[in-house]
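Sequential numbering of the sequence shown, starting at 55, is according to the working numbering.
No residue lacks a Cβ here, since even glycine has one placed at the ideal position from N, Cα and C.
Here the structure is a predicted model, which means the values were calculated and not measured.
Read the structure below first, then the notes.
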Amino acid sequence: MQEAKDLTKRVLSEGNPPTVGEGIRWAGQQGATLEAAVQALLAQVHPGDYVALLGYIPPDAEHDRALTAIRLAIRDKYHVATTLGYGPRYLHSTGQLHKGGPNTGVFVQLVGDDPKDIKIPGQKFSFGVLKQAQALGDFQALRNHGRRVLRVQVRDVAQGLTKIGQALGVAVGVS
């Protein structure tokens, strides 16, 4: 966890992390399209692995339903355990497991922009920027530990979940 915190501090000291323009961005896997990037990540899933969905998005019933559908589709297609955690709070529990121990985790990090952002008193950045930096720090820590990870950043969370669901549908052969 300390590594992710240190990387978060570095991101914040360097200024705002990259922001998404119209639509969606991804990193961590090769692919000219989101579908190709999802396929590239899921092609690396092997028996005994687990797939963790890491949502830096508001935890609500709508997002739970969408992420659960994605999680179950991955579970059913690849016959692996799946987990769902909301960041940054998962960093204090399963986040430590993700970076330590055997390399059996495959990670999809979904990061959404905050429609309502709040300035942090006494800081040069807002809570939204802090969350973005924490997500980027966690992504970099996973990469530093050789973990298989795809980071998807969206401006509109509902639209992003729909696009990820569609990309997953292509990857698992469901239209």
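- Under the DSSP assignment, Val160 falls outside any alpha helix (DSSP H), being part of the beta strand (DSSP E) whose first and last residues are Gly159 to Gly166.
- Take Asp168, set aside five residues on each side of it, and the residues of its chain with a beta-carbon closer than 6 Å to its own are Gly182, in chain order.
- Inter-residue distance for Ile78 and Val92 is about 13 Å (C-alpha atoms, whole angstroms).
- In the structure shown, the three-state DSSP call for Val226 is helix.
- In the three-state scheme derived from DSSP, where H, G and I count as helix and E and B as strand, Ala135 is classed as strand.
- Across the structure, Ile218 and Gln83 are spaced so that their CA atoms are roughly 14 Å apart.
- Closest in alpha carbon position to Phe161, among Thr216, Val134, Phe179 and Lys178, is Val134.
- Note on geometry: alpha-carbon atoms of Gln194 and His152 lie some 12 Å from one another.
- Beta-bridge pairing by DSSP links Arg202 to Val160.
- Cα atoms of Arg201 and Arg209: separation of roughly 25 Å, rounded to the nearest angstrom.
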